[in-house]
Amino acid sequence: MDQLLWLIPIVPLLGFLVNGIFGRRLSMPVIKTVAIGSVALSFLWVVKTLFALGVFGAGSPLSAPYVEHYYTWMQSGALNIGVDFAVDRLSAVMLMIVTGVGLLIHIYATSYMEHEGGYYRFFAYLNLFMFFMLVLVLAENFVLLFVGWEGVGLCSYLLISFYFLEKWPTDSGNKAFIVNRIGDFGFSLAMFMIFRQFGSFDFQKVFTAANGMPVEAAYGTLTVICLLLLLGATGKSAQIPLYVWLPDAMAGPTPVSALIHAATMVTAGVYMVARSHVLFLHAPIAMDWVAGIGLATAFFAATIGMTQFDIKKVYAYSTISQLGYMFLGCGVGAFSAGIFHVMTHAFFKALLFLGAGAVIHGIHGEQDMRNMGGLRKFMPIACWTLFAASLAISGVPGTSGFFSKDEILSAAYGRAPWMYWVGVITAGMTAFYVFRAWIMTFFGEYRGHAHPHESPLLMTIPLTILAVLSLLGGFINVPLWLKPLFPEVATQTETLVWISSAAGLIGIALAFLCYMWRPGIPDTITQSARWLYNLVYNKYFVDEAYNATVVEPLVEGSRTVLWRGMDAAVIDGAVNGLGTRSRGIGNVLRLAQSGYIRSYAVWVVFGSIVLLFIVGLAGAR
Amino acid sequence: MLLNLVIWIPLAAFVIGLLLPKNNTQLVRLYTLGVSTLTFLLSLALLAMPKDFSYGSNLPWIDTPNIRYHVGLDGVSLWLVLLTTLLTPICVLISWNYITKRIKEFYIFLLLLEFGLVGVFCALDLFLFFVFWEVSLVPMYFLIGVWGYDRRIYAAVKFFIFTMVGSMMMLVAIIYVYGRTGTFDYLTIMDKLQHGTAGFAGVEQLLLFLGFFLAFAIKVPLWPLHTWLPDAHVEAPTAGSVMLASVMLKMGTYGLLRFCIPMFPTAARTCAPWIVVLAIIGIIYGALVAMVQPNMKKLVAYSSVSHLGFVVLGLFSFTQQGFDGAVYQMLNHGISTGALFILVGFMYERRHSLEIAAYGGVGTPAPNLAVVFAITMLASIGLPTLNNFVGEFLVLQGAAVAQFKWAVFAAIGVILSACYMLWLYQRTFMGKASDEVAHHMYDLKVREWACMVPLILLMVWLGSYAQTFLPSISASNASMLNQSKNTMEMHVRNHGPRTVSVAELIHAR
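Below, the structure is given as structure tokens:
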């Protein structure tokens, strides 16, 4: 109990309570102080704790998880769920990402949201999110992890629906929550099965027991558990088939997109898979599913990203695609590479969104890139920090994205070369669409009608820090740090590294070619393959398909068949029919109700005799 | 003695209340509030009492047949009594300005209702149980029939007839049990069953089980016996809806837990697969139908069908987790659905409509109402750290231990609950407020805060520190499960391992 881990999440919770309950009466500086201060304290406490645990020292710190028990949450028979926190090498990385990047985004947001209504509400939600995210990372059992998991989902819902006067944000919020609930359906079933199998939810107990089990060649218990966990992960981390909520989640304020829908929450699925790696390693079939879904998502989301015009939508599909890479990494057994990419992605994708936010902020809310252009002159800091982020996500050698993506791709090659090649093509598309966005935003002539301006210092400082991290963050050797945790993956030759880097550079070059040097090319291409372009531009009509096959039938069926049909017509019809008939019987029986005491007395006696007779008969048997 | 006070103070207050002057309405309100608060405070002291039926009263009432006034508490009934005594003063508060006609009668009926409900949960004599069961029916009938909305008479009669059909079956079964065991005393019967000095053979047990079961299933209500509920809720005044949903429905699930399963364990297990199927249909069906309701109260009513399905599922999983979750869910539903009805009542007081379409954008003129509603909604859809999650989780875990596929189907209900609740919230609280909404929807008042704050605190408490409540519930459930197991073993010893299936019953003779 000496590290007081509970302080890490509890401070943001207090921030939430202060701003949430009293926020309407507090002045803006106080709200800011509470919001930033609580996350800063939490960040400092993480650093302090990790220091105390020897993380930054020599030797081999945290070779076993450091656990703290607080209290029993619920106990029922053999089921015992404690509120226990733990820090190990994996959660140490996550803690630094969440509180570090979270702090930067909080600082940025205090300035970004200055002119918005509901200032206190926004920061209350954001602090609440930090609380749940830290619970998720610190949890020492599946159920507590699920608490954080659902909690961040709630905050995501609240923040997507933040502009609740409009319909679109509230629709998007509902969609996010409900789609995530479908994933959580899988997660909770996985937990039930884990309890059935292991009699516990504690990570240590479950993983120790699982280590003693044979690797499953067919669909056994562990495989089913892992597939159910994967369903949960596809919801939270926006993978096929449940990714549809994330693009719509961009309805929320941009700092939310950066913090929740890019840097932290959406990586929770990757974290969970890495956390449960013992289970997954015993279920190779499930691993293949993880890799396959990751790769497919990475590829398809990248194709959509190339066609979008809303700058936040481009980055949203890019997030889905990059999350796909992380799953690919985990699926081919390179868990440390997956987590490495979680970190570098947190840097460059948070930066992409914050930079996009700075642009949108600077041109008064415009998000369509067709109405941007030439902004380099007006907002150089946004321009060049976004450039750094774009380099990183393209995997240009030396940048952070290069290192993590390379780890993933080379591990994928070890699993199956075709996976590597699809990953390389995706890397090329990634480079293409981020630079397409960058060029459309900052080069050429300004096509809008606002008065573009650079953002205030509180916004540009976080951008700059993140730009440095995006470029240099790859030198933080996360794979080495995580090495003791995960099994070794075979590394590949250097040639592969150059091929994937080249793919990124080709993508960048194509973007410059199509959007700077020969601006006519994109139109020619879209004209020559109209149907394909429309298919991709409309996101393969997946939303429409889900609506037509699931949502509409469910609502209409409930209304016409279940409610009006079953409830009103069949069941109530039967009841009312019974009522009418019994009225007829009542008319006969009414004759018995003469109003004479004498006749009632007769009935009572008669009835008693019958009753006694029945009782006697029954007793005699 | 204390328990007797908690039971009888409401009845005494009901009788005295009859003598109060009709015109001094403020006096009547304060009087009812005072009495019910006093009862609640007294009932809190019950927490300190032993929770194994050793605390209570056992006095002769009628000599032949031997009917006793036997009341007692265990870890399950204790919390249900507390739920009742807590909600009664809250119901007084929410009716303060809402009830405008026959004010005195309304409030003293609430006290009579409290008497009946507390009695139901304490009674340990089958006949006494039946008496309380029927007593609670009368005030509710009048609450709906007199203070309800337009179709109140239809709803009240429907409610009464549905329940009476079940009650009659139960009465016959109770008398039959008396005939076979020579006593109405629950503890004695259980003792005899476990020691083999009494027992119910195959078909006999099945019929007795079904007699009790029908009464309880209607009350729960189990699909497809639920159609009285939406009508009763929609027509009932807010306080009526709250008591109906929060406490009266629990009479059914409590009865299943207390009587049906321990007394007729073999039959209960024979029927369990069928009952579970009905419960799961109820979970999904209730949620789907709730989703398409244009009327807020109906929506919440159908959501109750869904939530109560979880309770039945937990009970008929015959696992410790299932039982504990079921009881926990009874309390949770009492608090969160009660709170939802209260909030809908607040909205009706302002806007005079229950139609969802009449709202939209309420969050702007009434932000506090929106926040409180949001918390209640989140509790209702089972967000972890709030109460319903613990109950649903335990129920589903219990079901998964018994039959994994049960958990799979039931968990679909958890997805759907988010659908109907979030959609409701979006259509009522979000968006731009129309002129009418902006004009009528003032924010929460002090009296309304006083109703909601205790409930919200309980949602958080139940949700994040279950160990205040679970140990006593768990202990009582363990003993009930054990009794049920012993009884079944005794049954096997006396009648052989063969059980009678439902199909056989139908084809028998």
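Going down the list, the protein sequences come from chains V and H. Be aware that the first sequence starts at 1, since it is given in this note's numbering, and climbs by one per residue. Be aware that the second sequence starts at 622, since it is given in this note's numbering, and climbs by one per residue. The C-beta atom is built at its ideal place from N, Cα and C for all residues, glycine as well.
| query | result |
| --- | --- |
| Beta-carbon proximity of Phe432 (chain V) to Ala511 (chain V), cut-off 8 Å | yes |
| Three-way DSSP call (helix, strand, coil) for Gly677 (chain H) in this model | strand |
| Secondary structure of Ala139 (chain V), DSSP reduced to three states | strand |
| Whole-angstrom C-beta distance between Leu279 (chain V) and Leu222 (chain V), which should lie under 8 Å | 6 Å |
| Straight-line Cα distance separating Tyr243 (chain V) from Thr399 (chain V) | 28 Å |
| Start-to-end residues for the beta strand (DSSP E) that takes in Ser76 (chain V) | Tyr66 to Ser76 |
| Cα-Cα separation between Trp245 (chain V) and Ile260 (chain V), rounded to whole angstroms | 13 Å |
| Exposure of Met193 (chain V), with buried meaning 16 or more beta-carbon neighbours within 10 Å | buried |
| Exposure of Ala217 (chain V), with buried meaning 16 or more beta-carbon neighbours within 10 Å | exposed |
| Alpha-carbon spacing of Thr33 (chain V) relative to Tyr70 (chain V), whole angstroms | 29 Å |
| Exposed unless 16 or more other CB atoms sit within 10 angstroms - verdict on Gly1034 (chain H) | buried |
| Status (buried if at least 16 other CB within 10 Å, exposed otherwise) for Asp248 (chain V) | buried |
| Distance between Cys1040 (chain H) and Leu1004 (chain H) (C-alpha atoms, nearest Å) | 13 Å |
| Contacts that Asp945 (chain H) makes with chain V (C-beta to C-beta distance below 7 Å) | Ser76 |
| Test item: CB-CB of Val647 (chain V) and Pro65 (chain V) under 8 Å | Residue 647 (chain V) lies beyond the residue range present for chain V, which begins at 1 and ends at 621; the question has no answer from this structure. |
| Spatial neighbours of Ser924 (chain H) in its chain, beta-carbon cut-off 6 Å, leaving aside the 5 residues before and after | Ala911 |
| Classification of Pro12 (chain V) by the beta-carbon crowding that lies within 10 angstroms, buried from 16 upward | buried |
| 8 Å Cβ cutoff, Val1011 (chain H) in contact with chain V | yes |
| Of the listed residues H:Val793, H:Met670, H:Met622 and H:Thr859, nearest to His973 (chain H) (C-alpha basis) | H:Thr859 |
| DSSP state of Val778 (chain H) mapped onto helix, strand, coil | helix |
| Inter-stretch contact (C-beta, 8 Å, three-pair minimum) for the segment 483-501 of chain V and the segment 406-415 of chain V | yes |
| Pick from V:Pro253, V:Leu230 and V:Val18 that is closest to Tyr120 (chain V), judged by C-alpha positions | V:Val18 |
| Contact check, Leu79 (chain V) vs Gln1018 (chain H), beta carbons under 8 Å | yes |
| Cβ neighbour criterion (16 or more within 10 Å) applied to Ile21 (chain V) | exposed |
| Stretch pair the segment 357-372 of chain V + the segment 411-429 of chain V: three plus CB contacts closer than 8 Å | no |
| Neighbour list for Lys1053 (chain H) in chain V, Cβ cutoff strictly below 7 Å | Leu165 |
| C-alpha distance - Ala620 (chain V) paired with Phe783 (chain H), whole-angstrom precision | Residue placement at Ala620 (chain V) cannot be trusted, given a pLDDT of 42 that sits under 50; what the coordinates show is reported in the next sentence. When rounded, the distance between both Cα atoms is 32 Å. |
| Beta-carbon proximity check, Ala58 (chain V) vs Gln3 (chain V), cutoff 8 Å | no |
| Simplified DSSP state of Asp1064 (chain H), which is helix, strand or coil | coil |
| Residues sharing a beta bridge with Ile688 (chain H), DSSP | H:Ile683 |
| Neighbouring residues, chain V, relative to Ile902 (chain H) (Cβ below 8 Å) | What Ile902 (chain H) touches in chain V: nothing, since even the nearest Cβ is about 10 Å away. |
| Residue nearest to Phe727 (chain H) in terms of C-alpha spacing, selected from H:Val752, H:Phe750 and H:Val759 | H:Val759 |
| Cβ neighbour criterion (16 or more within 10 Å) applied to Met622 (chain H) | exposed |
| Between the CA atoms of Val824 (chain H) and Arg1130 (chain H) - distance to the nearest angstrom | Since pLDDT at Arg1130 (chain H) reaches only 43, below the 50 mark, its modelled position is unreliable, and no value is offered. |
| Cutoff 8 Å: Val147 (chain V) Cβ touching any chain H Cβ | yes |
| Under 7 Å by beta carbon: chain V residues contacting Ala1039 (chain H) | Phe177, Ile178 and Arg181 |
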